[in-house]
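Structure record follows, encoded as structure tokens.
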Amino acid sequence: MTTTDPPKLTEAGQALLQKLDARTATCGVIGLGYVGLPLVVELAHAGFDVVGIDVDQRRIDAVNKGESYIGDVPSDVLAPLVEAGKIRAGMPGELLRACDTISICVPTPLRKSKDPDISYIVAASREVVRHLRKGQLVILESTTYPGTTEEVILPELRSTGLEVGADIFLAFSPERVDPGNPVYKTKNTPKVVGGVTPACSRLAHALYASAIDTVVRVSSPSAAEMVKLLENTFRSVNIGLVNEVAIMCRKLGCDVWEVIEAAGTKPFGFMPFFPGPGLGGHCIPIDPHYLSWKLKTLNYNARFIELAGEINSQMPGYVVDLCSDALNNAKKAINGSRILVLGVAYKKDVDDCRESPALDIIELLAGRGGDVCYSDPHVPQVQVDGETLESLPCDEDQLRSADLVVVATDHSAFDPSLISSAAALVVDARNLLKEHPDPKRIVKL
Ligand code: SAJ
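The sequence shown begins at 21 in the numbering used here and counts up one residue at a time.
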């Protein structure tokens, strides 16, 4: 077979390809979260009838009423598709049998032990197997360690006696959803696919090419699983590097922000990352540990991942030490000081607090006797160490009444000139106040 010939398809494969080309296939998506619901909408826009599957009845009811709960999916986009009968949602079960393709978009968290938790993937694939029939294409999208598709899902599918690559088809395609990204959405973010067999890759390619502008085929599910982990490990390691550079610059008496800005003038061979209070979010702190865990089972220690994790997780403590030094220089202590933390979300202009380092900072400061409060326009309240804190306004009164203000998240809603003029003392972990330098009152990372 020359490299240009498309992989041969069995009768079942041909039938599925025709349904995909004619948009008469029914597409299933398991997991209606920030990955699954946008995918449901794009597949419906491509012309398919789409079945959204979730275990949360509230999500099912909301989708069937055309009411979106995902920021990237406006209800006025979802509702017409539901009304037109292009989208319906339900519990796992018989609905899966009606699906010609099934994309699995369920969570892959870490356990407390930092080991991967693929229980949602296992549950979803077992549900798929329960209703599996000839001609179906199954694609795992959840971020996971290389080998999951072939070592966990493939045996489940094979247990039905159906032949993968002939009767049924299996691939991995990493999700690349960046919630709130104003430019890159599901449709215009290139999609990588890797099938168990060339026929599986061809069919996965055909499905996603109908709804997504660019589809990139790789040779196997493991390659596709590794692509995603490289992308996010790249970020974690580079963020760890720049956090250590910040620590080094302080010891050298350099301004790390000036150094990074100047290094950023290099038009090739450099990509700026910025120091911060630590690593938050539901991807970057989690995904690399899926890779290092897998390598441990192969007796290899992924040192960069472990080291980056160590440095990034020490940043909240490093910021608290800066707070202690700043108060000390003002003849105060953390103990008994009123400390206002600006921003608890894990990054600017989002409302997500998952793994947010700001919560660690609050807990550490309170643990050292600080009277800690916070202000975050995107997060009305948070739980820290079992206590519920309510967001305060970032206004002159609050700023003036604090012995110390800590900038943990550089939301656009914060006013740097108000903060720099009203706050007596600031530890700025995000260089939010870069236009208002005052080394005596404003301590930067
Ligand atoms: N952070 C830094 N310094 C940096 C960049 C980030 O301290 O230079 C911190 C952030 O404040 C945050 C954490 O790292 O706490 C993660 O930030 P992120 O910008 O990587 O944002 P995420 O977690 O939303 O990552 C997602 C990922 N998208 C997917 O996995 C599909 C990631 O691959 C994207 O590159 C990233 O969005 C993005 O670029 O926005």
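No residue lacks a Cβ here, since even glycine has one placed at the ideal position from N, Cα and C.
What is the C-beta distance between Ile498 and Leu452, in whole angstroms, given that I count them as a contact (C-beta under 8 Å)?
Outside the displayed span of the chain (21 to 465) sits residue 498, for which this structure offers no information.
Around the Cβ of Gly6, are there at least 16 other Cβ atoms within 10 angstroms (buried) or fewer (exposed)?
Residue 6 cannot be examined here, being either before or after the span of the chain that is shown, 21 to 465.
Using the DSSP secondary-structure output, state which residues sit across from Leu130 in a beta bridge.
The residue given as residue 130 occupies position 110 in the sequence shown. Partner(s): Pro136.
Which one of His65, Thr163 and Val71 has the shortest CA to CA distance from Pro112?
For this step, residue 112 is matched to residue 92 along the sequence shown. It is Val71.
Using only the alpha-carbon positions, how far apart do Ile173 and Ser145 sit?
For the purposes of this step, residue 173 is taken as the residue at position 153 of the sequence shown. For the purposes of this step, residue 145 is taken as the residue at position 125 of the sequence shown. Their backbone Cα atoms lie some 6 Å apart in a straight line.
Helix, strand or coil for Arg108? Go by DSSP, reduced to three states.
One-based indexing of the sequence shown puts residue 108 at position 88. Strand.
Count the other C-beta atoms from every protein chain shown that fall within 10 angstroms of the C-beta of Ala449, then say buried if there are 16 or more, exposed otherwise.
Translated into the one-based positions of the sequence shown, residue 449 becomes position 429. So Ala449 counts as buried.
From Val247 to Pro166, what does the alpha carbon distance come to, in whole angstroms?
Taking the first residue of the sequence shown as position 1, residue 247 is located at position 227. Taking the first residue of the sequence shown as position 1, residue 166 is located at position 146. Distance between the alpha carbons of Val247 and Pro166: 9 Å.
Taking Val427 as the reference, which of Val238, Leu384, Glu147 and Gly296 has the closest Cα?
Mapped onto the sequence shown, residue 427 falls at position 407. Here the closest residue by C-alpha is Gly296.
Flag this pair as yes or no: are the beta carbons of Ser357 and Asp391 separated by less than 8 Å?
Reading the sequence shown from its first residue, position 337 is the one you call residue 357. Reading the sequence shown from its first residue, position 371 is the one you call residue 391. It is a contact, given that the beta carbons lie within the stated cut-off.
So, are the CB atoms of Val257 and Ala266 less than 8 Å apart?
Against the sequence shown, residue 257 aligns to sequence position 237. Against the sequence shown, residue 266 aligns to sequence position 246. Not in contact: Val257 and Ala266 (Cβ atoms no closer than 8 Å).
Is the distance from the Cβ of Ala191 to the Cβ of Pro241 below 8 Å?
What you label residue 191 is simply residue 171 of the sequence shown in a count that begins at 1. What you label residue 241 is simply residue 221 of the sequence shown in a count that begins at 1. Yes. Within cutoff.
Assuming Ile159 and Ile50 make a contact with CB atoms under 8 Å, what is their CB distance in whole Å?
Numbered from its first residue, the sequence shown carries residue 159 at position 139. Numbered from its first residue, the sequence shown carries residue 50 at position 30. About 10 Å; that fails the 8 Å criterion.
Quick check: the Cα distance between Pro287 and Glu281, rounded to an integer number of angstroms?
For the purposes of this step, residue 287 is taken as residue 267 along the sequence shown, with counting starting at 1. For the purposes of this step, residue 281 is taken as residue 261 along the sequence shown, with counting starting at 1. So the two alpha carbons sit approximately 12 Å from each other.
Answer yes or no: do Val93 and Pro58 have a C-beta to C-beta separation smaller than 8 Å?
Start at 1 with the first residue of the sequence shown, and residue 93 comes out as number 73. Start at 1 with the first residue of the sequence shown, and residue 58 comes out as number 38. Yes.
Is the closest heavy atom of the ligand SAJ to the C-beta of Phe189 under 7 Å?
For the purposes of this step, residue 189 is taken as residue 169 along the sequence shown, with counting starting at 1. False, no ligand heavy atom lies under 7 Å from that Cβ.
With a threshold of 7 Å (Cβ to nearest heavy atom), would Tyr366 be considered close to the ligand SAM?
Ligands present in the displayed structure are limited to the ligand SAJ, and the ligand SAM is not among them.
By DSSP, does Tyr204 sit in helix, in strand, or in coil?
The residue given as residue 204 occupies position 184 in the sequence shown. In this structure, Tyr204 counts as coil in the three-state DSSP scheme.
Pro15 to Tyr89, Cα distance in whole Å?
As shown, the chain starts at 21 and ends at 465. That puts residue 15 outside it, with no answer to give.
Is Gly406 helix, strand or coil when you go by DSSP?
Against the sequence shown, residue 406 aligns to sequence position 386. It is coil, neither helix nor strand.
Tell me, to the nearest whole angstrom, how far the beta carbon of Leu412 is from that of Ala346; I am working on the premise that it is less than 8 Å.
Taking the first residue of the sequence shown as 1, we reach residue 412 at position 392. Taking the first residue of the sequence shown as 1, we reach residue 346 at position 326. About 21 Å; that fails the 8 Å criterion.
With respect to the alpha helix (DSSP H) encompassing Ile159, which residues constitute its N-terminal and C-terminal limits?
Taking the first residue of the sequence shown as position 1, residue 159 is located at position 139. First-last for Ile159: Leu157 to Leu160, but that is the beta strand (DSSP E), not the alpha helix (DSSP H).
DSSP three-state label for Phe254, please.
Here residue 254 is taken as the residue at index 234 of the sequence shown, counted from 1. In this structure, Phe254 counts as helix in the three-state DSSP scheme.
With a threshold of 8 Å on Cβ separation, who are the neighbours of Asn355 within its own chain once the five nearest residues in sequence on each side are excluded?
Taking the first residue of the sequence shown as 1, we reach residue 355 at position 335. Taken in chain order, the residues that qualify are Arg388, Gly389 and Gly390.
According to the Cβ coordinates, are Cys47 and Cys119 closer than 8 Å?
Walking along the sequence shown from the start, residue 47 turns up at place 27. Walking along the sequence shown from the start, residue 119 turns up at place 99. Yes, Cβ-Cβ distance for Cys47 and Cys119 is below 8 Å.
What are the partner residues of Arg237, as DSSP defines its beta bridges?
Here residue 237 refers to the residue found at position 217 when the sequence shown is read from its first residue. Note: Arg237 sits in a beta bridge opposite Val213.
For the structure I just gave you, are there three or more beta carbon pairs, one from the region 310 to 326 and one from the region 393 to 406, closer than 8 Å?
The region 310 to 326 is not in contact with the region 393 to 406.
Look at Leu177 and His309 and say whether their C-beta atoms are less than 8 Å apart.
Locating residue 177 in the sequence shown gives position 157, where the first residue counts as 1. Locating residue 309 in the sequence shown gives position 289, where the first residue counts as 1. No. Outside cutoff.
Where does Thr429 fall in DSSP's three states?
Counted from its first residue, the sequence shown places residue 429 at position 409. In the structure shown, Thr429 sits in coil (DSSP, three-state: anything other than H, G, I, E or B).
How should Tyr204 be labelled, buried or exposed, when 16 other C-beta atoms within 10 angstroms of its C-beta is the threshold for buried?
Taking the sequence shown and counting its residues from 1, the one referred to as residue 204 is at position 184. Tyr204 comes out exposed.
Can you check which of these residues, Lys368, Glu375, Ala386 and Gly363, is closest to Ser344 by C-alpha distance?
Within the sequence shown, numbered from 1, the residue matching residue 344 stands at position 324. Minimum Cα distance to Ser344 is reached at Ala386.
When the Cα of Glu171 is compared with those of Glu245, Ala226 and Ala104, which residue comes out closest?
Counting from 1 along the sequence shown, the entry for residue 171 is found at position 151. Nearest option by C-alpha distance: Glu245.
Considering Cα atoms alone, identify which of Val213, Asn349 and Leu384 is closest to Pro459.
One-based indexing of the sequence shown puts residue 459 at position 439. Of Val213, Asn349 and Leu384, the residue nearest in Cα terms is Asn349.
Please state whether DSSP places Val265 in a helix, a strand or coil.
Counting from 1 along the sequence shown, the entry for residue 265 is found at position 245. Residue state, collapsed to three classes: helix.
Sort Asp135, Leu52 and Ser139 by Cα distance to Leu98 and report the nearest one.
To locate residue 98, count along the sequence shown from 1; it is residue 78. With distances taken between Cα atoms, Leu98 lies closest to Leu52.
Taking the continuous alpha helix (DSSP H) assigned at Lys39, which residues delimit it?
One-based indexing of the sequence shown puts residue 39 at position 19. Run containing Lys39: Glu31 to Ala42, per the alpha helix (DSSP H) assignment.
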